[in-house]
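Those protein sequence lines, which keep their order, are chains X and Y.
First residue of the first sequence? That's -8 in the numbering used here, and the numbers climb one at a time after it.
First residue of the second sequence? That's -8 in the numbering used here, and the numbers climb one at a time after it.
Input: a single structure, listed below in structure tokens.
There are 2 protein chains.
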Amino acid sequence: MAEIIAIASDHAAFDLKSALVTWLRDEGHEVLDLGPDGPASVDYPDYGYRLADAIAAGDAARGIALCGSGIGISISVNRHPAARCALVSEVLSARLSREHNDANVIALGARLIGIEQARACVDAFLSTPFAGDRHQRRVDKLTHPRFHKDHA
Amino acid sequence: MAEIIAIASDHAAFDLKSALVTWLRDEGHEVLDLGPDGPASVDYPDYGYRLADAIAAGDAARGIALCGSGIGISISVNRHPAARCALVSEVLSARLSREHNDANVIALGARLIGIEQARACVDAFLSTPFAGDRHQRRVDKLTHPRFHKDHA
């Protein structure tokens, strides 16, 4: 399956980004690396917005967002209604983010989890299908935020 | 300090919401309970948007957002640029969300963590100050998402 996976980080997660890019490409995935290109200090919102824009534009079907805790970049990605970004630190949450929320971006904290946990989360994120059904109505409300004004 | 704390959930987190409301009021906090009022099935985005709107309107200074995994409601709260919602499952992340991201909402997964962990996370969230400095510039970019178009 030739689904493109976009990835972006801040400086604190630059090494984790490099490790995940290498692993994903070794696994046969096409990866769109949105930066940064080195470990110099950057602002996570710049890269979170870049990733959300790539998802919204259809340049990638899935995204991986990384910063020190995962918190800052997950907030920035979720500013865009086309992105559904789940911040996770273990595999059960990664799986639930797909089954219940149809997450198209996963966020990880490079200073909080190790490489094996990160790989396991990404693997669950990429391999778990969306469960649909009642969850679809809720996901629709995430995609069209103003929807709630008529239905809350 | 008479800071009002707003709280909202879905049905999966209704019991956790009730337990946290009781605890927070016992601790002397003023709590704005935005619902739901019972365990009947609801859609988490409706309550996430309600919480974000309460923060944006100044009806509450802080918020607590709860659903089964915390993922869905954290996405919905973060749709609003006035909200900075951190999904956490342990105390270190709760502390970092305040120090680095000036988070004004904390999201917790009622089916993933227990009541003591939830209380400890809320306690860290309420008691940890923002570190400011270089983090302020990044937080400003979360508050004004379009900012990045000129500066990325």
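The beta-carbon is built from N, C-alpha and C at its ideal position, and this holds for glycine as well.
Run through DSSP, which three-state label would X/Val130 get? It is helical.
Just by C-beta distance, which residues in the segment 89 to 117 of chain X are closer than 8 Å to chain Y? His91, Asn92, Ala94, Gly100, Leu103
By Cβ distance, which residues of its chain are closer than 8 Å to X/Leu133, with the 5 residues on each side in sequence left out? Pro72, Arg75, Asn92
Rounded to the nearest angstrom, what separates X/Phe106 and Y/Ala31 at their Cα positions? It is Ile, not Phe, that sits at residue 106 of chain X in the sequence shown. The alpha-carbon atoms of X/Ile106 and Y/Ala31 are separated by roughly 40 Å.
Beta-carbon neighbours of Y/Asp124, restricted to chain X and to distances below 9 Å: In chain order: nothing, as chain X lies at least about 12 Å away.
Is it buried or exposed, X/Ala47, if we count other Cβ atoms within 10 angstroms and call 16 or more buried? Exposed, because fewer than 16 other Cβ atoms sit within 10 Å of the Cβ of X/Ala47.
On the DSSP bridge list, what partners appear for X/Leu57? X/Ser0, X/Leu99
Would you kindly check if the distance between the Cβ of X/Ala51 and the Cβ of X/Ile97 is under 9 Å? no
9 Å is my cut-off, CB to CB: does X/Val82 come that close to chain Y? no
Beta-bridge partners of Y/Val22, as assigned by DSSP: Y/Ile(-4)
Roughly how many whole angstroms lie between the Cα atoms of X/Arg41 and X/Val68? Roughly 8 Å separates the two Cα atoms.
Buried or exposed: which applies to Y/His135, given that a residue is buried once 16 or more other Cβ atoms fall within 10 Å of its Cβ? Flag for Y/His135 reads exposed.
Evaluate contact between the segment 108 to 122 of chain X and the segment 8 to 24 of chain Y, counting only Cβ atoms and requiring at least three cross-stretch pairs below 8 Å. no
Relative to the C-alpha of X/Ile62, which residue among X/Tyr38, X/Asp34, X/Asp37, X/Leu99 is closest? X/Leu99
What three-state label does DSSP hand Y/Ala77 in the structure shown? Y/Ala77 falls in the strand class under three-state DSSP.
Applying a beta-carbon distance threshold of less than 7 Å, which residues of chain Y neighbour X/Ala77? Ile62
Proximity below 9 Å, CB of X/Leu11 to CB of X/Arg110: yes
Output the distance between the C-alpha atoms of X/Asp131 and Y/Glu(-6), rounded to the nearest integer angstrom. 34 Å
Buried or exposed for Y/Pro120, going by 16 or more other Cβ atoms inside 10 Å? exposed
For my contact list, X/Ser0 and X/Pro27 are in at a C-beta cut-off of 8 Å; report their separation, rounded to the angstrom. 7 Å
So Y/Gly54 and Y/Ile(-2) are in contact, right, with Cβ under 8 Å, and what is the actual spacing, rounded? 7 Å
According to a CB-to-CB cut-off of less than 7 Å, which residues of the segment 28 to 43 of chain Y neighbour chain X? Asp34, Tyr35, Pro36, Asp37, Tyr40, Arg41
Considering X/Ile46, what are the terminal residues of the alpha helix (DSSP H) in which it resides? DSSP places X/Ile46 in the uninterrupted alpha helix (DSSP H) bounded by 35 to 47.
Who are the near neighbours of Y/Arg16 in its chain, counting only those whose CB is closer than 8 Å to its CB and skipping five residues on each side? Val22
Selection from Y/Arg129, Y/Ile64, Y/Ala122 that minimises the alpha carbon distance to Y/Leu87: Y/Ala122
Between Y/Ser60 and Y/Arg102, is the Cβ-Cβ spacing less than 9 Å? Yes. Within cutoff.
Run down chain X in chain order and give the residues with a C-beta less than 8 Å from the C-beta of Y/Ser0. The premise fails here: Y/Ser0 is roughly 14 Å from chain X at the closest Cβ pair, so nothing lies under 8 Å.
With H, G and I counted as helix, E and B as strand and the rest as coil, what does DSSP make of Y/Ser32? coil
So, does the CB of Y/Gly19 fall closer than 9 Å to a CB anywhere in chain X? So no, Y/Gly19 is outside the interface.
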